[in-house]
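A.B. asks: Letter 83 of the sequence shown, counting from 1, is numbered 83 in the UniProt record's numbering, and no numbers are missing. Each residue gets a CB set at the ideal place from its N, CA and C atoms; glycine is no exception. Quick one: the structure is below, and I'll ask about it shortly.
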Amino acid sequence: MDTSNEHELWQQFQAGDEKAFSTIYSTYFSILYQYGYHIVQDEELVKDCIQTLFIEIWRSRRNLATDVAIKFYLLKAMRRQVYLSIRRQAPFVSATAFDETNQVTQSVSYEFELIVQETAQQRQAQLQRAINQLTNRQKEAITLLYINELTHAEIAEIMTLKTRSVYNLIHEAMGNLRRQLTPLNFTWPMVVLFILFDHVNSYPSVGL
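Okay, structure coming up:
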């Protein structure tokens, strides 16, 4: 979305324009859903978080900053909302599944699965094992960088890290993938394509 159009849309939303609000919702719902589902693989929880987030920003619209990058603002707010929901549900959810320190590796995130029909089952298994070696924090950083196209500084703010830490996370993640996949005859362009592969269809269908 063009920066000037985005600014105008946000101003209209803050002025109470329901059409502008609906446009923001429909434009960013899928992005927020995919990002939230990366953090916690619970479709209903993620949808509830999105609904709560949009209710809250509508109610507080007049008090929000007037000059914002909408996608960055919503992703940051979504992350906060998801972790608040997780904490509210404890101890009803597994602590290891949502460890924000990301020392426990989750099952491979959908946005990092290579969905290629011609790929042999053994090759897919090798690829998944390599991705499973990444920490959740590394996978989150790569998602924000390659899928949501945020800058390292923006990722650092969302993940409450120093910018240098974000560089280190991504460098370590890509290094791990390179070391594990190159000996298996995965060319590096293939690995990059794997990370950048259209991941939308990998998620459960979501209705607006």
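Quick check: the Cα distance between R168 and I39, rounded to an integer number of angstroms?
C.D. replies: A small fix is needed here, since residue 168 is Asn in this sequence, not Arg. Between N168 and I39, the C-alpha separation is close to 20 angstroms.
A.B. asks: Which same chain residues end up closer than 7 angstroms to F72 when comparing Cβ atoms and leaving out the 5 residues on each side of it in sequence?
C.D. replies: Answer for F72: L150 and E154, listed in chain order.
A.B. asks: By DSSP, does T27 sit in helix, in strand, or in coil?
C.D. replies: DSSP places T27 in helix when its eight states are reduced to three.
A.B. asks: I'd like to check one pair, R79 with I158: are the Cβ atoms closer than 7 angstroms?
C.D. replies: Yes, the pair counts as a contact, with Cβ atoms nearer than the cut-off.
A.B. asks: Quick check on DSSP: helix, strand or coil for K76?
C.D. replies: Helix, per DSSP.
A.B. asks: Is A173 near V166, with beta carbons less than 7 angstroms apart?
C.D. replies: Against a cut-off of 7 angstroms, the Cβ pair of V166 and A173 comes out as no contact.
A.B. asks: In whole angstroms, give me the CA-to-CA distance for I147 and E43.
C.D. replies: Rounded to the nearest angstrom, the two C-alpha atoms are 19 angstroms apart.
A.B. asks: Using a threshold of 7 angstroms, state whether the C-beta atoms of C49 and S26 are closer than that.
C.D. replies: Cβ atoms of C49 and S26: not closer than 7 angstroms.
A.B. asks: Answer yes or no: do G36 and V82 have a C-beta to C-beta separation smaller than 7 angstroms?
C.D. replies: Yes. Within cutoff.
A.B. asks: Determine the closest residue to L75 out of R59, T66, I24 and Q180, with distance taken between C-alpha atoms.
C.D. replies: Nearest C-alpha to L75: I24.
A.B. asks: Run through DSSP, which three-state label would K162 get?
C.D. replies: Correct three-state label for K162: coil.
A.B. asks: Let me know the secondary structure DSSP gives Q81 once reduced to three states.
C.D. replies: In this structure, Q81 counts as helix in the three-state DSSP scheme.
A.B. asks: Which residues in the same chain have their Cβ closer than 7 angstroms to the Cβ of F54, if we skip the five residues on either side of it in sequence?
C.D. replies: Around F54: Y25.
A.B. asks: Using three-state DSSP, classify residue 235 as helix, strand or coil.
C.D. replies: Residue coverage of the chain in this structure runs from 1 to 208, which leaves residue 235 outside it and unanswerable.
A.B. asks: Give me the Cα-Cα distance between D15 and L161, rounded to the nearest whole angstrom.
C.D. replies: The amino acid at residue 15 is misidentified as Asp; the sequence shows Ala. C-alpha separation (whole angstroms): 34 angstroms.
A.B. asks: If we ignore side chains and look at the alpha-carbon of each, how far apart do R87 and K47 end up?
C.D. replies: Straight-line Cα distance between these residues: approximately 16 angstroms.
A.B. asks: So, helix, strand or coil for T52, using DSSP?
C.D. replies: Note: T52 maps to helix in three-state DSSP.
A.B. asks: Could you have a look at S22 and say whether DSSP puts it in helix, strand or coil?
C.D. replies: Three-state result, S22: helix.
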